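Chains as they are written, first to last, in our numbering: chain A, 1035 to 1331; chain B, 17 to 567.
Right, here's the structure in full:
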């Protein structure tokens, strides 16, 4: 079976700005693929290129085995799309807007629309322009999911959703994948992608720097750790521990970046030092890039 | 330029004001150079009905004609329109965009914001008038046109005061309601109705004094170009402006600010009412969103409804009016040279057809049809890109070509509606006045008008398709239309240049005198072919372009 999305040397320049550089990517059928990168990395450009909104400077792309330019209309029969920075027709109600797109698609299963609206607790009888950004996003999600597309392409889809709704949305994404359909979603938050995606592509400055299974990434993921001790410590205490880097020690406190199992770190410290408190947080994307993709950036 | 609310307001608006003022200055150059080269004796016997509408005074000469026709008519409306747009946006525009809360989140009071906005309105209007004033001084000297004894500065002072009056009205309505559309529409209607009333009412002796009821009368009622500033009239306009400013302050101080919100339309209310929901739902809900064409048509109901009402009222009124002023016109009709008649399409003013051609079809009709065509056509594609909905729309299984064609069909629907109303209103006037105009001939003129509208709608559509920018499409096409209108009317006055007038679409509109002579199929075919070619261009341009991401 053809891959859901395949790009070969996809390149897009805006004047001197290289928004996409020689992008080779393959998204398999039935997977949830997270497209990860900081703001301005080229995520939206890539999505707009494969949707034929903008035309590549070089290279080509296929969706479900069809060329994204030559068979653009046919492709759109099989996809659902949530643009980043979603804007809709402010003077229409949510229901009007869904009816409009349903008409352009030649019909939709309204039972399914109702079900989606209930799950997301969406208000379809108010004008889109009067909705808060989160509630507007829900209408955008419904229009993408409503025709049970074979491929969902979503650009930062959980923007504005509260945590409860984000969880519901993630459940919906997993259900789509479980039914053998494909989801491609872009995000700048690692944690969101980690929760739903099977594989992750990381893009930076228009270049695809890595494609990894989420399990591998999680294994690799470095954390920022802050340790507080009862007595002053010396940086030398962490010297031989594998995975530790960037150690900064201030008297009783130590800060470091760590890539490995917590078990190993604690085993090194326990008993030898008077460990009072540990605070850990996920390293942000930039730290991961610095740690792993220094050469590619 | 971002130091204060005042300077930011200047920054947002100076381009529009500059374009308006510089265009008028260029038209003055153009007008004076053309008028200088023709025999002006033809103007002296011009019927009053025509002069009044164009603001041309009796016993005129080249300098005076150019000042009156270009500044007193087009310049005054332009400056007024700019002031209204600035006034309406001042408070209500910030509310519509949802930025007023952000603005007032800073340590600044509502009154301070209002004063800054009012200051910007005054500064921009005066600056626009100053640019025109500079041209009024330089152009006649450069072209060696005699302007001795004339007071263009006085005319500009009156123009500025009239513009401020309408601009501050828009500001006050916006400050009281927070509704930008209502603010600009109410001031614009007062200005346009005033312009028409001041042009038409004096033609009927018993109604002549009625013109004084309209603020527009005090712009040119005292002929400031000849007589200098009329301080009483000027004080009336400026006093009115100050009163509106005070009203704006009072209104803004006591009102809850609006959040960014969608205006509630009549259909929304009907949908909300259980009694009428079923009917309204069919019209506003399912029918409106049945296809791109229907949705696009529904987006411009307000504009088209207003245009239709104004044209209906004007067209129906002109018939009975003809019977009242019939006699005066006949005495002038024989003396008019062909060259001058080019301006109004060789109308014979002594006949009902000539009367309607002059008063209804030569200026009002094209303004209405082209305004509707340009606004609908210009926003058709570029509007969806500006509003960032084009990506969502094209994520549906439809071709770009279909989007262009359906949007073009919506534009054509509106323009055809304007043409149909011109036809109906003229027939209504003909029946009311017992003028016995031929149905088919009126249809011919209306058809040609529709085609002229489609040509400029096509230009706007193609510019929008090529650039994705509403401003380029709307202002570019409007500028082109005004220039081509002048090319047609002014070039025909000069025998050597008359042939070039055929390059203007307007030449194919009234030159054949369709109201008297019926349709010249060749002329209709030229316009239709032009509109068709522009549509093909729009499809091709839109198909091969990267969509814009925002703004």
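From the three backbone atoms N, C-alpha and C, an ideal C-beta is built for every residue, glycine too.
Here the structure is a predicted model, which is why all the values come from computation and not from measurement.
To the nearest angstrom, report how far apart residue 244/B and residue 127/B are at their CA atoms.
-> 36 Å
From the beta carbon of residue 313/B, is the nearest beta carbon of chain A less than 7 Å away?
-> no
Taking Cβ-Cβ distances shorter than 8 Å, what residues in chain A pair up with residue 302/B?
-> 1133
Would you give the residue range spanned by the alpha helix (DSSP H) that residue 1063/A belongs to?
-> Note, residue 1063/A: premise wrong, no alpha helix (DSSP H); not H, not E.
Using a Cβ-Cβ cut-off of 7 Å, state whether residue 1138/A counts as contacting chain B.
-> yes
For residue 1085/A, does the three-state DSSP call read helix, strand or coil?
-> Under the three-state reduction of DSSP output, residue 1085/A falls in the coil class, being neither helix nor strand.
Drop a sphere of 10 angstroms on the beta-carbon of residue 1315/A, count the other beta-carbons inside from all chains shown, and report buried for 16 or more, exposed for fewer.
-> exposed
C-alpha gap between residue 1022/A and residue 1099/A, whole angstroms = With chain A covering 1035 to 1331 only, the question about residue 1022/A has no answer from this structure.
Residue 125/B, buried or exposed, once every other Cβ within 10 Å from all chains shown has been counted against 16 = exposed
Step through the CB atoms of chain B and report whether any lies within less than 7 Å of the CB of residue 1042/A.
-> Not one chain B Cβ lies under 7 Å of residue 1042/A.
Check the Cβ-Cβ distances between residue 1172/A and every residue of chain B, and say whether any is below 7 Å.
-> no
Burial state of residue 232/B (16 or more Cβ within 10 Å) = buried
So which residues on chain A does residue 412/B lean against when the C-beta distance must stay under 8 Å?
-> 1110, 1135, 1138, 1139
What residue ranges within the region 1179–1258 of chain A form continuous beta strand (DSSP E) runs of no fewer than 3 residues, ordered along the chain?
-> Within the region 1179–1258 of chain A, the runs of beta strand (DSSP E) that reach at least 3 residues and sit entirely inside it are, in chain order, 1185–1189, 1216–1221, 1233–1238, 1241–1247.
Residue 1292/A - containing alpha helix (DSSP H), residue span | Looking at the DSSP string, residue 1292/A is not in any alpha helix (DSSP H); the run it does join, the beta strand (DSSP E), is 1287–1292.
Proximity to residue 311/B [Cα-Cα], best of 1103/A, 1065/A, 1052/A, 1135/A | 1135/A
Nearest-angstrom Cα distance between residue 215/B and residue 194/B?
-> Approximately 33 Å, taken between the alpha carbons.
In the structure shown, what three-state DSSP assignment does residue 1271/A receive?
-> helix
Nearest residue (CA-CA) to residue 1042/A, options 1088/A, 1079/A, 1092/A | 1092/A
Residue closest to residue 525/B, alpha-carbon to alpha-carbon, out of 440/B, 544/B, 247/B | 544/B
Indicate whether residue 400/B and residue 564/B have their beta-carbon atoms separated by less than 7 Å.
-> no
Which value, in whole angstroms, describes the spacing of the CA atoms of residue 255/B and residue 30/B?
-> 25 Å
Cut-off 6 Å between Cβ atoms - residues of its own chain near residue 1194/A, not counting five sequence neighbours on either side | 1167, 1168, 1171
Best match in 517/B, 491/B, 469/B, 413/B for proximity to residue 432/B [C-alpha to C-alpha] = Selected option, being the one with the closest Cα: 469/B.
Contacts of residue 1125/A in chain B (Cβ-Cβ under 7 Å) | 278
So does the region 1278–1296 of chain A actually touch the region 1234–1245 of chain A, counting three or more Cβ pairs closer than 8 Å?
-> no
Considering only C-alpha positions, which residue in the set 117/B, 135/B, 88/B, 38/B is nearest to residue 25/B?
-> 135/B
Cβ shell of residue 1309/A (< 7 Å), same chain only, five flanking positions each side left out = Closer than 7 Å at Cβ, skipping near neighbours: 1261, 1263, 1303.
Shorter than 7 Å from the beta carbon of residue 1161/A to some beta carbon of chain B?
-> Under the 7 Å criterion on CB atoms, residue 1161/A is classed as interfacial with respect to chain B.
Going by the beta-carbon positions, is the gap between residue 1241/A and residue 1055/A smaller than 7 Å?
-> yes
Residue 386/B (DSSP reduced to helix, strand or coil) = helix
Could one say the Cβ of residue 435/B lies closer than 7 Å to chain A's Cβ atoms, at least one of them?
-> no
Hey, would you say residue 480/B sits closer than 7 Å to residue 394/B, going by beta carbons?
-> yes
Is there at least one Cβ from chain A nearer than 7 Å to residue 6/B's Cβ?
-> For residue 6/B there is no data in the structure shown, the boundaries of chain B being 17 and 567.
How is residue 414/B classed by DSSP in three states: helix, strand or coil?
-> coil
Where does residue 1312/A land, buried or exposed, given buried means 16+ other C-beta within 10 angstroms?
-> exposed
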